[in-house]
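So the protein sequences, as listed, match chains A, B, C and D. Just so you know, we're using this note's numbering here: the first sequence kicks off at 1 and counts up by one. Just so you know, we're using this note's numbering here: the second sequence kicks off at 1001 and counts up by one. Just so you know, we're using this note's numbering here: the third sequence kicks off at 2001 and counts up by one. Just so you know, we're using this note's numbering here: the fourth sequence kicks off at 3001 and counts up by one.
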Amino acid sequence: MAATNRDVVLKIDGLNKNFDGVRVLRDVGFSLRKGMVLGVVGENGAGKSTLLNVLGGVYQRTSGEIELFGEKYRPREPMDATRAGIAFIHQELNLFTNLTVAENIFVDEGIRGRMFLPPKLLDRKAKTILDALAIDLDPAARVEDLTMGMRQMVEIAKAVSKDAKIIFFDEPTTSLSTSEKETLFKLIRDFAAKGISMIYISHALDDVFMLCDEVLVIRDGETVGGQVRSGAITKDEAINRMVGRKIGQIYPYVEKTVGEVLLDVKGIVRSGVLDGVSIAVRSGEIVGLFGLMGAGRTELARAIYGVDPFDSGRIEFKGRAIADPDPMLWVREKVAFITENRRDEGLLLPKTVVDNISLVNLPHMRKRLAVLDRAGQSAAAAETVSKLRIKTGDANRQIVRNLSGGNQQKVVIGKWLLIRPDLFILDEPTRGVDVGSKFDIYTYINALAASGTGVLFISSEMEELVGVCDRIAVMCGGRIAGELERAQFSSEALLKLALEK
Amino acid sequence: MSAAREERPQALSRLDRMERLSEAFYRYGLYIVLLALVVLFYALNSNFLSANNAVNLLLQTSSTGIAAAGLVFVMLTGGIDISISAVMFITAVISTVLTDMGLGLIGAIAVSIACGAVIGAVNGFFIAKLKMTPIIVTLAVMYSVRGLAIGFIGVKTLFFTNAVGAYLVKTRILGYIPLIVVILAVVMALCQILLSRTLLGKQMYAIGNNRSGAQKMGIAVEKRIFSAYVLCGALAGLAGLVSGAQVGQVSPAFAVGQEFIIISAAVLGGVSLFGGKGKAFPGAFLGVLIIMCIENGLVMARTNMYAYTIVRGCVIFVAVMLDSFHNKGETR
Amino acid sequence: MRKLLSWFLVCAVCVCLFAGAAAGAEKIAIGVAMDNLDDPFWMGVKKGIDAAVKELGDKVEINIQVCLGDANVQHKQIEDMVTAGADAIACIYVDSETIRQSVELCNEKNIPFVYMDRTLESDDEITVSWGFATDNYALTVAGWEYMADYARKNGIKWKVLELVGSLTDQNVLFRTEGFEKVMADNPGIIERIQSVPTEWNLEKALAGCTNALQASPDINCIFMHSDYLLAPTIQALEAAGRWVEIGKPGHVAVMPFSGAALSIQAMKEKKVEMCFGMDTFGAGYEGVIAAYNFAAGIDDPKYKAFVNDPGFVITQENFAQTAPRAYGWE
Amino acid sequence: MKDLRDYDFLKHVKGFASAQSAIVFFIVYLIVAALLVPKFANAENLVNIVVQSSELILLACGMTFVFLNGGIDFSQIAVIALGSVIGAQIMVSGLPPAVGVPLGVLAMLCLGLAVGAVNGLAVTLLKMPSFVATMATQLVFSGAALTITRSKTIPRLPRAFGEIARGSLFGVQYPIIIALAVFAVLAFLLNRTIYGKYITSIGTNHKTAKISGLPVRLTIFSLFLISGLCAAFASIIMTARLRGGVPSLGKDMLMDVVAAVVIGGTSVAGGEGNIHGSLIGAVLVLMLNNSLNLLGVSWYNIMLCKGLLVLIISLLALWQRKRA
């Protein structure tokens, strides 16, 4: 189903993007022809989503040229992209649960030239769009009552209602059932036939090869081997390009004596998210938890730490059962947890470095009674700043909001290190962090493990886990797909387990 | 693997059924409560259900109903406006003074709506543009407007018993429907149409549901919130005119504390304090009816005269508790 | 904390120093503490005060404060006036019990304290210099006796709806007691059907009145504690089609209290049988003059005994002579 | 010689940064009023103002704690009214003053805690927005005050109780001593203890605080207890001053309290603010009332000034925060 016409719809060359000094995209170039489906694959954090966000006007590019239908294209905000005919189906959908399907489709711009939008008119208009796409959805149904798959169909219908000529899909199939996936693929083939071009990001390689005309592999923000016809590349070769060997990034590995089981989690179930997960972490051991987007790693960590509820399952810590886990309880048990979302759940942005670092260990920073040991706080903060090599001004006055991403993450780690944790759960600790800070973070983790602390290291970057961990559990679809000992480590093996469908 | 996928949608639907059950109770609960109240008070005093008591009830709900309809817009976007009682006061004052000077009814209605809209715009400016906290802004505006209005007339009590006031209260359309009830019906209809049939209304629901999502999608969030406060002010202005004419006398303590009654009526009517949920008609209207039934019923049942504030406080507490349970607010 | 307090004291002291002594005041400073001004009745009293002030001319420096019915605010206002060097205090107090602390304060600084419109007896703890007030109890009894005779003459029984003002107001309580006494004296003739609380809130008055007329259509007399509540009552009666001249079917006898313009107007239109009249002008005028005399040390026999003005009852018969005494008379 | 830049005299007191704006307003207004308002700037009047501001200081301190979590407490007024009534009831119920007065005072404090507890539970467990929950409790408990006394003042409380408002120690009146003592304790709690850090951290970001193991629910619950307790202390002083249980006590103080806290620099968004500013804000509000009264400005214009003042100062705070 090769694209018949030759005219290029979207041309990109030399595109760069960096965040806080970290180069996320390095002169990316490719072209998208009319009616063509371009598959973009790569590890998590390789820069796939950033690429789409730049094209979709969510982020501004640092440098490089983008040509859309032959003219220069510089989107300032998502609305510019929509007006230019580009539609963006995000991984977390952008819908309003209190409105109906039809209302969601027309809520941002309504119907041209119509002041009144009676429900009957909206439903009729929406029905025509849905029928054109052979989507059997009741336009009057409230989005609240729809499953993930149906909601995705609404986003797509919304894109088509703006007569988008180019549609970006960012990990669309993570929480779809097989039948819902089939309808999506049929839809994409119809769009292609109608001359709509699409960029399809997914880590489900089988889907990509089956669906896309051409495939582009991205690793560390660089395209590897350029656009290739999907027939001309095997799955293993694609994985190889995706994985490759990272030059210059060596991962410190330290021999550790592994002690008895610290954390023992059995059969955690949370309907729709976790299907009976069991995992154990021993003292002095770094257990990696790998998985792709939507595999349920973050949900597992949050369930264990008591931030989110779960339906059933047993958690034991140092042999004692923990009935209903709660952060306050874990802090008393000296268990630390770094969340994936650093800005909203890890830091007090408007407060100073000292306030942030001494946040968790506050109960122990006191003189007599509850009097704050201010000097102790500053001393502990200063020690952490120097030990973790955090680049910051005067810790008492420096506001955390103004620190770089890497330094902010170090502050979060520092805050937990103060309680000298016996168990440390880290969720994507190195995401969006410069290479130097990444290395520092690995050394802290190793130092911790060497001193007998158990570490549960959650990441979606294989090299990192392979380099640092003693054991890696791989999650897929809310379940442990398998565990690899250090001897059996290989990116290919990990990816295979993660991709298992 | 795919088996796991298959069985997940069923799991969701079990959750949905429980959710839908509470949703249904929540939506029809209003009618049940209203019915229960009517039956209770009918038992206590037989002519509670007499025809002109019903009209009298509608009359009493009109000014609160008009203001509650306006408040729905603001509450949909997740905000609140407690300056509405001061707006009612200042428009009652202005329309009394102007009608004494010869302004007609239509003029009075226009002036009241315009004056309310201006105050709404002030609220909107501080809350939408400068993103300040609605409760504090509208509290400050409430005191400023009431002070301004009393300054305007000097510390006197005005009588709104001139021709326009009397006309507004006395005229009956088609023989028995009071003009004020017609105004209430028109306002309720317009608000509900605006909410359910226009883009502005839809976007207000959207903003209340997911403000950052609306922002990302390109909806003019600031403008919509600003217009919500203008609408709320305008309708509070109209409510002030109606209430002033009904009571006949506008003293400096006019409509003090009315904002809490209107807020609780809206919340009782299913308008959520956390935004994104609620209708003007039947929602807010039913809420007002319930509150008026309670007040009216209390008088009928000759209950102890101090119990009013206690009952009103309990009604508000229960209404908001249900709302918080249902819509899970953040502890603020 | 230490730093803050030191700053605080430094600037307080420096301001006092350079501000120097307040201008020497030969004039006599009179502080007038009023409850509220939001009602024609209070405006009637103010007319009296303004007349007195005009009469005393530049011999007197007046400072009128209103406390919106908040006892604590009134105490502070009197404290402020005393601190600012008032020579006499004339006061319409909010709360007969809490005002005693302010009187004690004035007694300490031997500043004469004069009450207006609301009685306050001296006793071992406080000494009140003088006061002018209406004897609400006597006035209510007189008015209701007139109504009782009226009922006997026309052979009707009064089924009364009592619109209660705010129960923190001493005068209002006397009115209820006066009414209850006459009701007790004329068992068959006067019967209270319902008493509706208004807390001086007009919406409540309107709703209460309307609902009461619904609940008991047999009501044929409305006794209200102030004609501040007359307008909503008229609205309610009009809505029920019962705001008609005396003698017409469905007529309800309305008994407004204190004699505002609306009541006088209604009597002119023969829609109201009678009205309790209070001498508000006297209260204001005499109060300020007495305060001035005590401050200036003038010994005027007129202001020896406390005045407990019996007020007057305006009826359709004596309308021509007594109505002009009402403050609502234009 | 220490470099002048180091000599930042506010540095020592941590929660002090934004009290600077309050102090500036205070001094500017003091001087303006001293010049323009006759009879304002004399020692006796200023002392009178400070003593009269004791109850507002207490209420403002209590409200500051609730503001720090981005909430608001409307029910302080009900605590004042109901506290006054209950305390008075106990004191006049035949018990000898030596027993009646302390018992009455204790009852008032307990009532403050009880109302605070109800608000705290409503906000933390029932997840109700604080402004509506405290609005409802305000209506319920002030209604209760009117019901108990059938809105009649309970008169002639024992002289000993009256002394709380009139007596003085080394020339300093008791009310201001009580106010400053409570202020000192609360300032110490907020700026010098771990509990204070909990409050500001939770106010800044609920999620981060929760995940860092801070006792979020308990702390927020305690804020309403403190607000209720402060209102109880204020009620004691006001009731003692009037020597009567007044069911409508303090009914118009809400705007003064909010004005005092906002002038004091406590932002309404939560997590930012200080108690020193509220103290200064309270005295400033009293100065405003006193000076405008002396000028003969009528009460409704004062009401207008306070409303506008809150708007303007919130604007300035917003602008300052944007610039910082």
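Built from N, CA and C at the ideal position, the CB exists for glycine as well. All values derive from a computational prediction rather than experimental measurement.
Quick check on DSSP: helix, strand or coil for residue i?
i, result
"A:ASN18", "strand"
"C:ALA2033", "strand"
"A:ASP454", "Per the sequence presented here, residue 454 of chain A reads as Gly, with Asp not at that position. A:GLY454: strand per DSSP, three-state reduction."
"A:PRO503", "A query on residue 503 of chain A cannot be resolved here, the shown segment of chain A reaching from 1 to 501 and no further."
"A:ARG76", "coil"
"D:LYS3207", "helix"
The alpha helix (DSSP H) spanning residue i covers which residue range?
i, result
"D:SER3278", "3275–3294"
"C:MET2274", "It is not in any alpha helix (DSSP H) - C:MET2274 instead sits in the beta strand (DSSP E) that spans 2274–2277."
"B:ASN1123", "1105–1124"
"B:LYS1170", "1163–1170"
"C:ASP2050", "2040–2056"
"D:VAL3123", "3097–3124"
What do you reckon, are the CB atoms on residue i and residue j nearer than 9 Å?
i, j, result
"A:ILE279", "A:ILE445", "no"
"C:ALA2090", "C:ALA2033", "yes"
"C:VAL2254", "C:GLU2273", "yes"
"A:SER202", "A:GLU171", "yes"
"D:ILE3194", "A:ALA295", "no"
"B:ILE1080", "D:PHE3131", "yes"
"B:PHE1274", "B:GLY1078", "yes"
"A:ALA126", "A:PRO118", "no"
"B:LEU1184", "B:THR1091", "no"
"C:ILE2246", "C:ILE2219", "no"
"A:ILE419", "A:ALA336", "yes"
"D:PRO3129", "D:GLY3083", "no"
Out of curiosity, what's the CA-to-CA distance linking residue i and residue j?
i, j, result
"C:VAL2196", "C:ALA2283", "29 Å"
"C:GLY2241", "C:PRO2249", "10 Å"
"A:MET148", "A:LEU137", "13 Å"
"C:GLU2055", "C:ILE2049", "10 Å"
"C:ILE2126", "C:VAL2114", "12 Å"
"A:LEU289", "B:GLY1278", "44 Å"
"C:GLN2101", "C:ASP2227", "32 Å"
"B:GLU1330", "D:ALA3122", "Any answer about B:GLU1330 is weak, because its pLDDT of 47 lies below 50 and its placement is not dependable; what the coordinates show is given next. Roughly 12 Å separates the two Cα atoms."
"A:ASN361", "A:TRP416", "8 Å"
"D:ASP3252", "A:ARG124", "56 Å"
"C:GLY2208", "C:SER2166", "14 Å"
"D:LEU3059", "D:THR3239", "15 Å"
"B:LEU1040", "D:THR3208", "49 Å"
"A:LEU184", "D:MET3255", "58 Å"
Look up residue i in the DSSP assignment and give the residues it is bridged to.
i, result
"A:CYS476", "A:ARG479"
"A:ARG314", "A:LYS266"
"C:GLU2162", "C:SER2195, C:PHE2223"
"B:PHE1089", "The partner list for B:PHE1089 (beta bridge, DSSP) is empty, contrary to what the question assumes."
"A:ASP503", "Chain A is shown from 1 up to 501; residue 503 of chain A falls before or after that span and cannot be answered."
Taking the continuous beta strand (DSSP E) assigned at residue i, which residues delimit it?
i, result
"A:THR223", "222–229"
"A:ALA280", "274–282"
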